[in-house]
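Each residue of the sequence shown is one higher than the one before, starting from 80 at the first, in the working numbering. Cβ coordinates follow ideal geometry from the N, Cα and C atoms, glycine included.
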Amino acid sequence: MIRRKLGSTGISASILGIGVMRFPEVNGRLERGSAAKIMKFALESGINYIDTGYTYHGGESEVFVGEFLSENGDYRDDAVVATKLPTWLVNRREDMDVYFEEQTKRLRGKIDIYLLHNLKKDSWLALKDMGVLDFLDSLRDDGIYVGFSFHDTADVFFEIADSYSWDVIQVQH
């Protein structure tokens, strides 16, 4: 698997990543057996970038990734885990810390990259007013790379991209 430096990080990431959001479900719940097979195949094939999020699979995605990497320690050090702050649930600065702490527990301490999820103009302005830049700085102080996933128009993208020294940006289309 080809790897490249990811954004402005020192991370060597596989050019293909695995998005846990698309793992199989049965009756609306993450199907852990199949998910484990997919994860193992991906990691054994050289994929090391794992993308998850707070709300994926009703919150079970992060729990699954944390458990899988803890139970399969050979993969843990090489894996690069990115998860996302559920921006639409944040109402005050303290919520950012609460969600991050919960996600850290779910992922058993394995967070390499933390993204602001589903940024749009209104959510970006609200987060800035709540002190999100100080929050991101505190994550960086702890060695976590920061970025955002984006779901709006090009002009809004450039406004957000130019407003901070981001490590990683995910653009959805």
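Handout entry: Beta-carbon proximity check, residue 93 vs residue 128, cutoff 8 Å
Key = Cβ distance < 8 Å, so residue 93 and residue 128 count as in contact.
Problem - Host alpha helix (DSSP H) of residue 114 (start-end) - result: 111 to 123 is the extent of the alpha helix (DSSP H) around residue 114.
Problem - Proximal residues to residue 24 (C-beta, below 6 Å), its chain only, five neighbours per side dropped - result: Within the shown structure, residues of the chain are numbered from 80 to 252, placing residue 24 beyond reach of any answer.
Exercise for the section: Name the one or two DSSP bridge partners that residue 240 has. Expected result: According to DSSP, residue 240 bridges with nothing at all.
Problem - Test item: CB-CB of residue 100 and residue 147 under 8 Å - result: No, they are not a contact pair.
Handout entry: Distance, residue 234 Cα to residue 184 Cα
Key = The alpha-carbon separation between residue 184 and residue 234 amounts to approximately 36 Å.
Exercise for the section: Name the residue from 97, 169, 228, 158 whose alpha carbon lies nearest to the alpha carbon of residue 205. Expected result: It is 169.
Exercise for the section: Run through the segment 123 to 167 for me and flag every whole alpha helix (DSSP H) of 4 or more residues, listed as ranges in chain order. Expected result: List check, alpha helix (DSSP H) in window: 139 to 150, 152 to 155.
Exercise for the section: Go through its chain and collect everything with a Cβ distance to residue 107's Cβ below 7 Å, but skip five positions before and after it. Expected result: Short of 7 Å from the beta carbon of residue 107, and not among the five residues preceding or following it, lies no beta carbon of its own chain.
Exercise for the section: Give the range of the beta strand (DSSP E) segment to which residue 228 is assigned. Expected result: Unbroken beta strand (DSSP E) run through residue 228: 224 to 229.
Practice task
Reducing DSSP to helix, strand and coil, say where residue 91 ends up.
Solution key: In the structure shown, residue 91 sits in a strand (DSSP, three-state: E or B).
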